[in-house]
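Enquirer: Following the UniProt record's numbering, the numbering of the sequence shown begins with 1 at its first residue and continues without gaps.
Beta carbons are placed, not taken as given, at the ideal position from N, Cα and C, and that holds for glycine.
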Amino acid sequence: MELISVVSSDLSAIGYDEYNQQLEIVFNSGGTYLYSGVPSSVYEGLLNAGSKGRYFHAFIKGYPTTRIG
Numbered sequence: 001m002e003l004i005s006v007v008s009s010d011l012s013a014i015g016y017d018e019y020n021q022q023l024e025i026v027f028n029s030g031g032t033y034l035y036s037g038v039p040s041s042v043y044e045g046l047l048n049a050g051s052k053g054r055y056f057h058a059f060i061k062g063y064p065t066t067r068i069g
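As structure tokens, this is what we get:
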């Protein structure tokens, strides 16, 4: 999955696999997590959010999660 760097106090990079609806997030704290079942509209919202950390907490945090790094 290709990751793109983002400007955020919480997140460092994000990537999205549209086919599998998986969102990968690298946090500034060092952890990398994979969120499953995330629709592309939620990913697009994250990309366009003024505050990526707030958007994450409001719309992504509740999805099934696996720590991958």
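Using the C-alpha atoms, what's the distance from residue 66 back to residue 31?
Expert: 11 Å
Enquirer: Which two residues bound the contiguous alpha helix (DSSP H) that contains residue 53?
Expert: 52-55
Enquirer: Assuming residue 26 and residue 63 make a contact with CB atoms under 8 Å, what is their CB distance in whole Å?
Expert: So it is not a contact: roughly 16 Å between Cβ atoms.
Enquirer: Do residue 50 and residue 9 have their CB atoms nearer than 7 Å?
Expert: no
Enquirer: Do residue 23 and residue 13 have their C-beta atoms within less than 7 Å of each other?
Expert: no
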